[in-house]
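Q:
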Amino acid sequence: MQHPRCRDQFAVQYEKDGVPTVACYWHIKGHDPEIAGEPGKAERPSWTDTVFKWSPHGSYMTTIHKRGVALWGGPEFARVQRFAHDNVQFIDFSPCETYLVTYAEAGEKNHWGDDEDCLRIWDVVTGEMLKGYSLYALTNRDQLPCWPFFQWSFDEKYFACLKAPEKDKLEKEKKMPNQQRLRSGRIHNVADAQMFWQKSGQRLAVYTMRYSKKQMKEGGEVKYVGGCTYHLEIFEIDKKDVSLMNLPLPEPFINFGWQPYGEKFCVLTGNQAKVTPLVYRLEPNSHAPKLMSKLDPGVQFNEVSWAPHGGWLAILAKRSNGGNVMFVDTTLQEAKRTNVVEHPGFNKGYWDPTGRYFVTCSTLGGRIGADLGFRLYTFQGRELCRKALERLTQFKWRPRPPVKLSDQKLKEIKNNLKKTAVRFEREDNEEKNRASQEVIERRRKIMAAFELIRQKNLKKIAAQRELRISLRGGVDTDNKQAEELVEEQIMVALDTQKTLAPLGDDELD
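Residue 45 in numbering that gives the first Met the number 0 is what sits at position 46 of the sequence shown, and the numbering runs on without skipping anything.
1. Given a cut-off of 8 Å, decide if T377 and R355 are closer than it, judged by their beta-carbon atoms.
2. Taking only runs that begin and end inside the region 77 to 143, name each unbroken alpha helix (DSSP H) of 4 or more residues, in chain order.
3. For G225, collect the residues of the same chain with a Cβ closer than 8 Å to its Cβ; drop the 5 residues on either side in sequence, then sort them by chain order.
4. Determine the direct distance from the alpha carbon of E262 to that of N284, and round the result to whole angstroms.
5. Please report the residue range of the alpha helix (DSSP H) in which A192 lies.
6. Give a yes or no on contact between the region 253 to 272 and the region 290 to 305, applying the rule of three or more CB pairs nearer than 8 Å.
7. Buried or exposed: C360, going by 16 or more other Cβ atoms within 10 Å of its Cβ?
8. With a threshold of 6 Å on Cβ separation, who are the neighbours of D167 within its own chain once the five nearest residues in sequence on each side are excluded?
9. Around the C-beta of Q12, are 16 or more other C-beta atoms found within 10 angstroms, so that it is buried, or is it exposed?
10. Can you give the Cα-Cα distance for L118 and P19, rounded to whole angstroms?
11. What does a CB cutoff of less than 7 Å around P296 pick up in its chain, not counting 5 residues either side in sequence?
12. Locate the alpha helix (DSSP H) running through S469, then write down its first and last residues.
13. Confirm, please, whether the CB-CB distance from K162 to T138 is below 8 Å.
14. I'd like to confirm the pairing. Which residues does DSSP put opposite N323 in its beta bridges?
15. Where Q8 and I27 are concerned, what is the direct C-alpha to C-alpha distance, given to the nearest angstrom?
16. Can you look up T419 in the DSSP assignment and give me helix, strand or coil?
17. Would you identify the three-state DSSP class for S510, choosing helix, strand or coil?
18. Could you pull the start and end residues of the beta strand (DSSP E) that I27 belongs to?
19. Going by DSSP, what residues sit across from P44 in a beta bridge?
20. Closest to K256 by C-alpha separation, out of M60, N478, V241 and V205, would be which residue?
21. Is the separation between the beta-carbon of T337 and that of D351 shorter than 8 Å?
22. Report the CB separation of T97 from I90 in whole angstroms; it is logged as a contact under 8 Å.
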């Protein structure tokens, strides 16, 4: 977290020598990843019974065990806190890492509602259980409807959850913000709908598939007659009266992704055989989004992944034969493709917290027959390294804590960006040269050690020379091959031919 070179960390869960192992690595530019500390501390067998999870700001690594949950932190990944909750199945942090939520399913004897405290909220610093909830009392169900079950507000002042209509216990225990309706849109004949919030919370996109007419078949099957149309409704929350824009889509909708902060978005349209990425920009005083670029169509694209700070995006074809990833630069007036790479069968893709690197992973549960491991790329799509890992289960970048800078400091950083870039490039070159020098020195030491052993054995052979001659009847066999030169000629048939010759009269007699 405080590395002088601002390196990123990531953790992987895989099998090493047949034992489930969790390892934390440094990502080093221009080099293969290195263990982030001593192997016995940053790489441990059976570190978790199920999975691991980073806290939202990267302060802790969380592991799950039969008797509860443990938090690990510091440069040596020491255990800093533990929470006693038997047979925990799910965990979740509040946005600012103040609270930890754990869930453990009730046993068979408690199957009909005696599941008190199966949902628990803990204080992360003190380890104290602040509140326990019965899932059955809240929802009239004995199974989780979703996870995370509690949805937190950004400042941790509120949390919400699904509950049964007749249950009002949760509302009596917390205050609710003013539920004022800001804007609504009335849409008819909707067959399908999805909502996409921008990370900044400033915009909401609603996809709708609308039909002209529908028919009910036997068995309850619905058939849409007359074709369907596809639309995006864009709500701008930060505008006066919450402006609303409608964007008809030329082809069937596949997926959508907002730039985390800004006015751009990417939508995928088409079908499995041909998917077209469309990049749009919202402009002031405009009643419709402006198309920046219609990128080259690809096969089986199904997900949009923006860099954490925007500007660059990756368009993924997860779980496909080709495993294509298209890298796109949207910082220019027109969005442009920078590269397309392949990772056949990959099923996960993640940006690092800074947006400088992107990783594709093929893990257990992905496409059958895919080689398990990960591949690391720059934000432009240049491959840096690839690593095969046996039974890879998880790959998680370590999050970075938010950095709060004043507007003046941000302006100063932007003004000095060129000078800073030159300094960083110089430091990268120095580190690269230093690493090369370390390799050379290591090879020299190995060669010097070999030469010492060689000279020692040569002296030993020389000391035993007279003894060897006497044992071999006065013949010096050490120089025998050097003194005697035997020349041998070997003839090799390169080709053979058979010829049938006619027999003469004499031979017939």
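Here a beta-carbon is modelled for each residue, glycine too, at the ideal position from N, C-alpha and C.
A: In terms of the structure at hand:
1. yes
2. 134 to 138
3. Y210, S211 and K212
4. 13 Å
5. Where A192 is concerned, there is no enclosing alpha helix (DSSP H), although the beta strand (DSSP E) around it starts and stops at V189 to W196.
6. yes
7. buried
8. Note that D167 scores 44 on pLDDT, short of 50, meaning its location in the model is unreliable and no value can be drawn from it.
9. If you draw a 10 Å sphere on the C-beta of Q12, you find 16 or more other C-beta atoms in it, and that means buried.
10. 28 Å
11. G269, K273, V274 and T275
12. DSSP places S469 in the uninterrupted alpha helix (DSSP H) bounded by R464 to L470.
13. yes
14. E341
15. 9 Å
16. Here T419 sits in helix by DSSP.
17. Residue 510 falls outside the range modelled here, since the chain spans only 0 to 508, and no answer is possible.
18. That residue, I27, is in no beta strand (DSSP E); it is neither H nor E in DSSP.
19. T20
20. The question names Lys, yet the displayed sequence has Gly at residue 256. The shortest C-alpha separation from G256 is found at V205.
21. no
22. Between I90 and T97 the Cβ distance is about 15 Å, and since that is not below 8 Å, they are no contact.
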